[in-house]
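Everything below concerns the one structure shown next.
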Ligand SMILES: [Zn+2]
Ligand SMILES: [Zn+2]
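Numbering (UniProt numbering), first residue to last: 1 to 153.
Structure follows, in structure tokens:
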């Protein structure tokens, strides 16, 4: 299975924070990460200097997954001031390629994070997100009312 090359982070080129970035197409800049806006702006520059078009920003492995994570990540907690969103860190095992999730608190408190599947410590943090299940429990009332209204018609 292809590795997810994206992560939610700040762009090393424009500095915009908390968005989907992917590794730079410029070999000289590795391991810099680049956002979609910079990626699109880079296409012509890259063509001019390298003689080929870089692929679409979205074409790398793992983009769909990251997109759903980004949506979760950007839900405004101001919708419900009493609700504290849980930050979750998603990790990927470099040995067995399974991914797993820890709360940010757990992750920060752990001295060493190991893979729950194969117990290696070759772990890479691939994303930060909020606890979406709890969010649905607490924040979906309005959505349910709308759905009931529609089905009654
Ligand atoms: Zn950027
Ligand atoms: Zn593993």
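Note that beta-carbon positions come from the ideal geometry of N, C-alpha and C, so glycine has one too.
In this text the structure is predicted, and so the values were computed from the model without any measurement.
Local Cβ density within 10 Å of residue 22, reported as buried at 16 or more and exposed below that: buried
Taking the alpha-carbon positions, what's the residue 49 to residue 94 distance? Here the C-alpha atom of residue 49 lies approximately 33 Å from the C-alpha atom of residue 94.
Please say whether residue 20 and residue 67 have beta carbons closer to each other than 8 Å? yes
For residue 35, the first and last residue of its enclosing beta strand (DSSP E): 33-35
How should residue 123 be labelled, buried or exposed, when 16 other C-beta atoms within 10 angstroms of its C-beta is the threshold for buried? buried
Reference residue 60; option with closest CA among 29, 115 and 6: 6
Rounding to the nearest angstrom, what Cα-Cα distance links residue 8 and residue 117 in this structure? 24 Å
Any idea which residues DSSP pairs residue 22 with across the strands? 34
Assign residue 111 to one of two classes, buried (16 or more other C-beta atoms within 10 Å of its C-beta) or exposed (fewer than that). exposed
Under 8 Å, do residue 13 and residue 27 count as touching if we go by C-beta distance? Contact: no.
Helix, strand or coil at residue 53 according to DSSP, with G and I counted as helix: coil
Check your reading: residues with Cβ closer than 6 Å to ligand 2 heavy atoms: 93, 95, 96, 98, 115, 117, 118 and 120
Under a three-way DSSP split, which group does residue 3 fall into? coil
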